[in-house]
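Protein chains in written order, with the working numbering: chain A, 48 to 348; chain B, 427 to 738.
Heads up, the beta-carbon is just placed ideally off N, CA and C, and yes, glycines get one too.
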Amino acid sequence: MTQLSAPQEMTLVAREAMIRRSKAHASVLRAVGRAIIYLLLLAGSSVYLFPFLFMLSTSLKTLQQTFVWPPQMIPKPLTLENYIEGWNLLPTASFYKNTFLVAALNITGTVLSSTLVAYGFARLRFRGRNVLFMILLSTMMLPGQVTMIPLYIGFSRIRWVGTLKPLFVPSFFGNPFHIFLLRQFLMTIPRELDDAAKIDGCGYFRTLVSIVLPLVIPAVGVVAIFSFTGAWNDFMGPLIYLRRLEQYTIAMGLRMFQMQGGTHMGRLMSMAVLALLPQIIIFFFAQKQMVQGVVLTGIKG
Amino acid sequence: MKTEALRPAQRGSFYITQRAREEIAGYLCILPWLLGFLLFTAGPMIYSQFLSYYQANFLTESVFVGLDNYRHLLLQYKLWGIALRNTATYAFVAVPLHVVLAMMLAMLLNQQVKGLAVWRTIFYLPAVVQGVAVSLLWIWLFHPNFGPISGALRTIGITNPPLWIWSEEWAMPALIIMSTWGVGGSMIIYLAGLQGVPQSFYDAASIDGADVFQRFRHITLPMMTPTIFFSLVMGLIGAWQMFTQSFVMTQGGPNNATLTAVLLIYRKAFQEFYMGYASAMAWVLFVIILFFTLLVFRSSAAWVYYEGELAR
């Protein structure tokens, strides 16, 4: 390399400095950008978390404390009175029992039927399959109100109104959303496996139970969680079909609480906390699967 | 495949072919859904069509009234008009708002942030919990005297904060604000969509000198349109059926400001027992939902971009 002359050397140094400065400039900009992103996330998540925290906080307050401004987020003194009083005010234990029963039966019905139907649509060739699948997809978009009244009339004819049956029996006939979800999942599993099973002489149902089912367990889990959430949140169904207090589910029980003591916010919030708790617990254990299920179908939980 | 073709011939003609066996197995598999479809969807829909031409309360003899229910509903029943207008307001304000909010959250989370799982959990959790408990919670949050929202507004100098669900003007905006708490589900879908956009697209655009906004406008947005389209359709259908919040929080009030179509159908059918009339209402609602769904579908050709379209 030849010796650089003085002016050339200077420009080189200057240019290097300039590059260094602009790099520094860019990294400062990036740091500011990152800071803004985290600030937005922090602000947003505070807003999204606040209702939960406020609900919990209120539920631990005495009636007087709920009227204090600014509100104490950690009330002094903490009291569990609301939970105890609220629990005993109405047959809360039986609300829980009924809701769990309905949810468990919904899970059983949905998982059994939807897996079978999804397998049929995903793996077996039969005449009219595509047309029937299009019909299934279109029923996903059908608003329930059109069938609500005739179903009520039908269920009342067979004397099921006033029982829990209308809330779970339909789930044994497959749920279009869950059939779609399972079918999408099945489509991602290579066919070669069940072809191999077929060559080995497995019947279709053997193939389903012993080859396909173990592979779709994650998706079945998602379906189970979603049907639990659906049954747990359902309000319109119990509102229409249940008649007596001892049959009420949590949603109806909460409605009773509201009508009997809607102004005692601490007690109302304690019951709301109890109603949401099972869902929140399940969410923390199964979040990953739920996200996967939502993504797979593009359907909101 | 060859063995399948040979087997029936070898075994004699009274053995059903492999193909037929697969068909029978297929129908058996989908039988539960097929029965359910006939029993709980198609059958009731046909019955409901019939019912909507009758005056039926199941206490007295049903009377055929032809199109009278529909005529009265569309021309004379003012409350139905109010309910439809409220529901339309809710659907057409809340759903686009959800799309924008969910998209913004998803893009924030897509910036390679630390602790993604924690942020995602916080934003997704409210979408999972729904129903009566959440409605009760928001009654408390909106409480004009002791609720935190009005309290916070007073603290920052707004001396007369809205009465929210107790005010005719603010009740519907309040329910819309509340609904934005649940955008986490769409956010999850959008986030997955964003992660699916190939980085090479952005790199190529950067080399061509595209800035952040141009990259969003010409890469992110077009790539996300199928996802947005899907959530728009499902969101609109869901929003047109809004019920629980109105029923629990406002009973449709004040002065019918939050009366929704489904709430009015519920009242007519299950409190006043006008089953025929309520069926007609349900059909009108169904046709409206169908109309807007098809409209969104028809419009999709203009704005939804499907990958592989260019390859065709």
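>> Which residues in chain B have a C-beta closer than 7 Å to the C-beta of Trp134(A)? List them in chain order.
In response: Under the 7 Å cutoff, chain B gives no residues; its nearest Cβ is about 15 Å from Trp134(A).
> Is there at least one Cβ from chain B nearer than 8 Å to Tyr295(A)'s Cβ?
Replying inline: no
> When you check each C-beta in the segment 192–207 of chain A against every C-beta of chain B, which residues fall closer than 9 Å?
Replying inline: Gln192, Val193, Thr194, Met195, Ile196, Pro197, Leu198, Tyr199, Ile200, Gly201, Ser203
> Between the segment 706–726 of chain B and chain A, which residues of the former have CB atoms less than 7 Å from a CB of the latter, in chain order?
Replying inline: Ala708, Trp709, Leu711, Phe712, Ile715, Thr719
> Is it right to say Leu464(B) is buried, meaning 16 or more other beta carbons lie within 10 angstroms of its own, or is it exposed?
Replying inline: exposed
>> Which residue marks the beginning of the alpha helix (DSSP H) containing Pro458(B), and which one marks its end?
In response: 444–462
>> Looking at Tyr616(B): is its Cβ nearer than 8 Å to the Cβ of Met649(B)?
In response: no
> Are Ala169(A) and Met234(A) closer than 8 Å when you measure CB to CB?
Replying inline: yes
>> Just verifying my parser: in three-state terms, what is the DSSP assignment at Leu432(B)?
In response: Bear in mind that a pLDDT of 47 at Leu432(B), under 50, signals an unreliable position, so the model cannot answer this.
> First and last residue of the alpha helix (DSSP H) that includes Thr276(A)?
Replying inline: 260–280
> How is the alpha helix (DSSP H) around Gln307(A) delimited, first residue to last?
Replying inline: 297–308
> Is there contact between the segment 667–684 of chain B and the segment 287–295 of chain A, where contact requires at least three CB pairs shorter than 8 Å?
Replying inline: no
> Which two residues bound the contiguous alpha helix (DSSP H) that contains Leu255(A)?
Replying inline: Note, Leu255(A): premise wrong, no alpha helix (DSSP H); not H, not E.
> Of all the options Gly313(A), Met316(A), Ile272(A), which has the alpha carbon lying nearest to the alpha carbon of Phe331(A)?
Replying inline: Ile272(A)
> What are the start and end residues of the alpha helix (DSSP H) that includes Met668(B)?
Replying inline: That residue, Met668(B), is in no alpha helix (DSSP H); it is neither H nor E in DSSP.
>> Give me the DSSP bridge partner(s) of Val193(A).
In response: The partner list for Val193(A) (beta bridge, DSSP) is empty, contrary to what the question assumes.
> Looking at the structure shown, is Val722(B) part of a helix, part of a strand, or coil, going by DSSP?
Replying inline: helix
> Is Tyr95(A) close to chain B, meaning its C-beta is less than 8 Å from at least one C-beta of that chain?
Replying inline: yes
> Using the C-alpha atoms, what's the distance from Leu601(B) back to His524(B)?
Replying inline: 13 Å
>> Applying the 10 Å Cβ sphere with the 16-neighbour rule, what's the burial state of Leu324(A)?
In response: exposed
>> Mapping the DSSP letters down to three states, classify Val489(B) as helix, strand or coil.
In response: strand
> Tyr480(B) by DSSP, collapsed to three states: which one?
Replying inline: strand
> Who are the near neighbours of Leu685(B) in its chain, counting only those whose CB is closer than 8 Å to its CB and skipping five residues on each side?
Replying inline: Leu505, Ile508, Ala509, Asn512, Ser672, Gly678, Gly679
> In or out: Leu301(A) buried (at least 16 other Cβ within 10 Å) or exposed?
Replying inline: buried
>> Could you tell me the alpha carbon to alpha carbon distance between Met427(B) and Ala243(A), rounded to whole angstroms?
In response: At Met427(B) the pLDDT is 42, less than 50, meaning the model places this residue with poor confidence; the figure from the coordinates comes in the next sentence. Looking at the two C-alpha atoms, the distance is approximately 11 Å.
> Should Gly156(A) and Ser218(A) be called a contact, given that it needs their Cβ atoms to be closer than 8 Å?
Replying inline: yes
> Which same chain residues, not among the five before or five after Ile714(B), have their C-beta less than 6 Å away from its C-beta?
Replying inline: none
>> Less than 6 Å between C-beta atoms, sequence neighbours within five positions excluded: which residues of the same chain meet that for Leu720(B)?
In response: none
> Counting Cβ pairs, one atom from each stretch, are 3 or more of them under 8 Å apart for the segment 170–190 of chain A and the segment 453–471 of chain B?
Replying inline: yes
> To the nearest angstrom, how far is it from the Cα of Gln307(A) to the Cα of Met316(A)?
Replying inline: 14 Å
> If you draw a straight line from the alpha carbon of Ala480(B) to that of Ser474(B), how long is it in whole angstroms?
Replying inline: Ala is not the amino acid found at residue 480(B); the sequence shown has Tyr there. The straight-line gap from Cα to Cα measures roughly 10 Å.
>> Would you call the segment 267–282 of chain A in contact with the segment 337–344 of chain A, where contact means no fewer than 3 C-beta pairs closer than 8 Å?
In response: yes
> Under 7 Å Cβ-Cβ, which residues of chain B neighbour Ile287(A)?
Replying inline: Phe696
> When the Cα atoms are used, what is the spatial distance from Gly388(B) to Leu214(A)?
Replying inline: In this structure chain B extends from 427 to 738, so residue 388(B) is not present and cannot be described.
>> Within 8 Å of any Cβ in chain B, is that where the Cβ of Phe147(A) sits?
In response: no
> Distance, Cα to Cα, Ile258(A) vs Thr443(B)?
Replying inline: 23 Å
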